[in-house]
Each structure stands twice: as C-alpha cells, then as structure tokens.
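A quick write-up on the structure given underneath.
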Amino acid sequence: MTTAQRPAAPAPNAPVGLLLVSHGPLAAALRDTIRVLEPDDPEDVEALSLAWDEAPEHASQRLEKAIGRANRGRGVVLLTDMFGGTPSNLALAFLDRGRIEIVSGVNLPMVVKARALAREGRDAREIAHALVDRGRRSILAAAELMEAERRAP
48 MTTAQRPAAP APNAPVGLLL VSHGPLAAAL RDTIRVLEPD DPEDVEALSL AWDEAPEHAS
108 QRLEKAIGRA NRGRGVVLLT DMFGGTPSNL ALAFLDRGRI EIVSGVNLPM VVKARALARE
168 GRDAREIAHA LVDRGRRSIL AAAELMEAER RAP
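What the sequence shown shows, in the numbering used here, is residues 48 to 200, in sequence order.
Structure follows, in structure tokens:
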C-alpha cells in the first residue's frame, strides 16, 4: 500500500479530498478560479500541473505526494484533464474504489460541484458518479440551447 493509499485517521467532519491533475497549467488555473469564486476555504482543492516534458517516474512521485496532501482521511477524488493522457494514466496506479476515485474531462462546473458534495460529507464514490453527470450536463451548444428556449411555451 502506498503512502497515498494508506488510510489516515479522518479529522472530525473531514471532507473527501479533491485533487485536480493536468498537463500544463490547467489544474492550477481551475484551482485558482474556484478560490476566487468561493474563497471561504482556499486550501480544500489541491492542484498538480504536470510539465509537458516531465518524466513519468517523476510525475508519478509528485502525484503520490499530492494525493497524500489532499487526503484528509476520507479518500480523494482526482479530476484529470483527459482520459488516456499522462495525468489519467498515472492516476490509474492509485485507483482504490471508494477511497481514491478518478474522473476525467474536468471542467469548472465539475470542480464547483465536487467542492459542494465534499462539504456535504459525500464519499469519494458518490462524488465521482455525480461529477460524471455534472460534466455531461455542463457542456452545451449555445445555439441549440437558445433555440430550445425560443420553442418553449
């Protein structure tokens, strides 16, 4: 069992940890944006931005440390930029159903939802499932949406 997966004693009312992982600066940008939109707990979302030329072994070590920082004792949900990319592929080594969950295709509405669900005390698996739904519902084509609104009675 790795340090990232080792269960920690949960702090009272500790939420599931949230970790954004991406190629380049996307993860840090999403974390910084959520801190501006909802500044009440600026440390509850961790971010790991992998360099484009970073060696996978080094990136994996950094990811393990970031998971350890994010884990407050109730597990971690990792939100990665895209399935099949280096961040997601490295994250799969840490997948532990119910404790460490991975959701790919992160966007800002998903981060907002993840934060709200973690604060409600939801577990990692519940958060992961809800984020897949939220991600799908948050992607819209504006023209189609406006056309549907015009047709509505």
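Cβ coordinates follow ideal geometry from the N, Cα and C atoms, glycine included.
Short check: CB of Glu90 to CB of Ala113, under 9 Å? Reading the sequence shown from its first residue, position 43 is the one you call residue 90. Reading the sequence shown from its first residue, position 66 is the one you call residue 113. No, they are not a contact pair.
Out of Ala76, Gly182 and Asn118, point me to the one whose CA is closest to Gly145's CA. Counted from its first residue, the sequence shown places residue 145 at position 98. For Gly145, the nearest C-alpha among the options comes from Asn118.
Take Asp79 as the anchor and find which of Val159, Phe141 and Ser107 has the nearest alpha-carbon. Start at 1 with the first residue of the sequence shown, and residue 79 comes out as number 32. Of Val159, Phe141 and Ser107, the residue nearest in Cα terms is Val159.
Counting along the chain, where does the alpha helix (DSSP H) carrying Ile174 start and finish? Position 127 of the sequence shown holds residue 174. Segment Ala171 to Arg184, the alpha helix (DSSP H) holding Ile174.
Determine the direct distance from the alpha carbon of Arg169 to that of Pro62, and round the result to whole angstroms. Taking the sequence shown and counting its residues from 1, the one referred to as residue 62 is at position 15. Taking the sequence shown and counting its residues from 1, the one referred to as residue 169 is at position 122. Rounded to the nearest angstrom, the two C-alpha atoms are 8 Å apart.
Using CA coordinates, which residue listed in Arg166, Leu178 and Gly131 is at the minimum distance from Asn154? Along the sequence shown, read from residue 1 onward, the residue named residue 154 stands at position 107. Comparing Cα positions, the closest option is Leu178.
Starting from Val150 and walking both ways along the beta strand (DSSP E), at which residues does that stretch end? Within the sequence shown, numbered from 1, the residue matching residue 150 stands at position 103. Residues Ile147 to Ser151.
Less than 9 Å between the beta carbons of Leu125 and Ile149, yes or no? Position 78 of the sequence shown, counting from 1, holds the residue named residue 125. Position 102 of the sequence shown, counting from 1, holds the residue named residue 149. Their beta carbons are under 9 Å apart, which means Leu125 touches Ile149 by this criterion.
Alpha carbon to alpha carbon, what distance is there between Met157 and Asn136? Position 89 of the sequence shown, counted from the start, is the residue given in the question as residue 136. Position 110 of the sequence shown, counted from the start, is the residue given in the question as residue 157. Answer to the nearest angstrom: the Cα atoms are 20 Å apart.
Would you mind stating whether Gly71 and Ala106 have Cβ atoms separated by less than 9 Å? Within the sequence shown, the letter at position 24 stands for residue 71. Within the sequence shown, the letter at position 59 stands for residue 106. Contact: no.
Pick out the complete alpha helix (DSSP H) segments inside the segment 63-125, 4 residues or longer, and give them in chain order. 73-84 and 103-117
Spatially closest choice to Leu77 from Asn60, Leu95 and Gly122, by CA coordinates: Position 30 of the sequence shown, counted from the start, is the residue given in the question as residue 77. Ranking Asn60, Leu95 and Gly122 by Cα distance to Leu77 puts Leu95 first.
Any idea if Gly131 is buried or exposed, counting beta-carbon neighbours within 10 angstroms, 16 or more meaning buried? To locate residue 131, count along the sequence shown from 1; it is residue 84. Exposed.
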